[in-house]
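S.K.:
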Amino acid sequence: MLSKLKMNGRIHVFAAGLVASALVAVGAGEVQTKMTPKEMIAALKPGQWVKVKGTALSDSLITCNEMRILIGDFLDDDWSVTGVVRKVDQENRKLEIWRLPIKINEDAKFESDEDEDKNFAGIADLKVGMFLEIGGTYLKDGIFLAGEIDDKSERLEEEPELKHAIRAEGKVEKVDAANHRFTLMGMAFQVTASTSSRSVIK
């Protein structure tokens, strides 16, 4: 059985029996859950929507630093991934974050958090090493179809650790309970004793 908390217009779900003892206020409107890796994995099921923040340890594994389990009305293009660009193929409208292949829609929107004078309007402006937030749809063939691309590269100067950061929102594909891991968009996330589940209540 699951218990629900409404946050940010969506319902965040936690394993029943854990909420009363696991939720601790950490600031105005913030709630952090304290669960063991086993309890967190037990609350996950394939097909559930999650929002995660992680750190890439290698080409095959990402440490899950923070996880939210979400329930609500989601659209096919509500998926997102944020990280450093590793490959760019401008001719074929493709790029890669971590090992996730991304195909850019013909009508994709390009935005930048940086100086308004900076030119970031299309494929030609994409470069390896940029820190991007990409919204779109994860397809069954393992390709992420990008509809929105937001350049957040200036944050790398303030937070160099983001070079190894991976953030994603979408549906859980697989859960490996024995190893405390789950897969999202082909990316394997490792849940550890340091993983937190944090939500903001508005």
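In terms of this note's numbering, the sequence shown is residues 44 to 245.
Note that CB positions come from ideal geometry on N, CA and C, so glycine has one too.
How about residue 153 and residue 167: do their beta carbons lie closer than 8 Å?
M.R.: To locate residue 153, count along the sequence shown from 1; it is residue 110. To locate residue 167, count along the sequence shown from 1; it is residue 124. Not closer than 8 Å, so no.
S.K.: Helix or strand or just coil, what does DSSP make of residue 164?
M.R.: Residue numbering aside, residue 164 sits at position 121 when the sequence shown is read from its first letter. The answer is coil: DSSP assigns residue 164 none of H, G, I, E or B.
S.K.: For residue 97, which residues in the same chain have their Cβ closer than 6 Å to its Cβ, ignoring the five residues on either side in sequence?
M.R.: For the purposes of this step, residue 97 is taken as the residue at position 54 of the sequence shown. Excluding sequence neighbours, residue 97 sits near 105, 106, 107, 108, 209, 232.
S.K.: In three-state DSSP terms, what is residue 199?
M.R.: Here residue 199 corresponds to residue number 156 of the sequence shown, with the count starting at 1. Looking at residue 199 - three-state DSSP - the assignment turns out to be helix.
S.K.: With residue 198 and residue 174 assumed to form a contact (beta carbons below 8 Å), what rounded beta-carbon distance in angstroms separates them?
M.R.: Stepping through the sequence shown from its first residue, residue 198 is reached at position 155. Stepping through the sequence shown from its first residue, residue 174 is reached at position 131. With 8 Å as the limit, residue 198 and residue 174 qualify as a contact, their Cβ atoms being about 6 Å apart.
S.K.: Answer with buried or exposed for residue 255, where buried requires no fewer than 16 other C-beta atoms within 10 angstroms of its C-beta.
M.R.: Outside the shown range of the chain (44 to 245) lies residue 255, about which nothing can therefore be said.
S.K.: If you reduce the DSSP assignment to three classes, tell me which class residue 71 lands in.
M.R.: Locating residue 71 in the sequence shown gives position 28, where the first residue counts as 1. Note on residue 71: pLDDT 40, under 50, position unreliable in the model; no value is reported.
S.K.: On the CB-based measure, 16 or more other CB atoms within 10 Å of its CB, does residue 215 come out buried or exposed?
M.R.: As a working mapping, residue 215 is identified with position 172 in the sequence shown. Per the 10 Å Cβ criterion, buried.
S.K.: So, residue 83 versus residue 226, is the Cβ gap smaller than 8 Å?
M.R.: Here residue 83 is taken as the residue at index 40 of the sequence shown, counted from 1. Here residue 226 is taken as the residue at index 183 of the sequence shown, counted from 1. Against a cut-off of 8 Å, the Cβ pair of residue 226 and residue 83 comes out as no contact.
S.K.: Taking the alpha-carbon of residue 191 as reference, which of 182, 118, 92, 176 has the nearest alpha-carbon?
M.R.: Start at 1 with the first residue of the sequence shown, and residue 191 comes out as number 148. Looking at the Cα atoms, 176 is the closest of the given residues.
S.K.: Nearest-angstrom Cα distance between residue 185 and residue 228?
M.R.: Translated into positions along the sequence shown, residue 185 becomes position 142. Translated into positions along the sequence shown, residue 228 becomes position 185. Approximately 7 Å between the Cα atoms of the pair.
S.K.: Excluding the five sequence neighbours on either side, which residues of its own chain have a C-beta within less than 6 Å of the C-beta of residue 213, listed in chain order?
M.R.: Residue 213 sits at position 170 when you count from the first residue of the sequence shown. Within the same chain, residue 213 has close Cβ partners 122, 181, 227, 228.
S.K.: Suppose you measure from the CA of residue 151 to the CA of residue 94; what does that come to, to the nearest Å?
M.R.: Looking up residue 151 in the sequence shown gives position 108. Looking up residue 94 in the sequence shown gives position 51. Taking the straight line from one Cα to the other gives about 23 Å.
S.K.: Measuring alpha carbon to alpha carbon, tell me which residue in 86, 103, 217, 79 is nearest residue 142.
M.R.: Along the sequence shown, read from residue 1 onward, the residue named residue 142 stands at position 99. Out of 86, 103, 217, 79, 103 has the C-alpha closest to the C-alpha of residue 142.
S.K.: Once DSSP output is grouped into helix, strand and coil, what is the label at residue 169?
M.R.: The residue labelled residue 169 in the question sits at position 126 within the sequence shown. Coil.
S.K.: So residue 146 and residue 85 are in contact, right, with Cβ under 8 Å, and what is the actual spacing, rounded?
M.R.: Against the sequence shown, residue 146 aligns to sequence position 103. Against the sequence shown, residue 85 aligns to sequence position 42. That belief does not hold up - the Cβ atoms of residue 146 and residue 85 are roughly 35 Å apart, past 8 Å.
S.K.: With distances taken Cα to Cα, identify the nearest neighbour of residue 114 among 78, 92, 127.
M.R.: Numbered from 1 along the sequence shown, position 71 holds the residue referred to as residue 114. Minimum Cα distance to residue 114 is reached at 92.
S.K.: List the endpoints of the continuous alpha helix (DSSP H) containing residue 89.
M.R.: Position 46 of the sequence shown holds residue 89. That residue, residue 89, is in no alpha helix (DSSP H); it is neither H nor E in DSSP.
S.K.: Grouping DSSP H, G and I as helix and E and B as strand, with all else coil, what is residue 135?
M.R.: Within the sequence shown, numbered from 1, the residue matching residue 135 stands at position 92. Coil.
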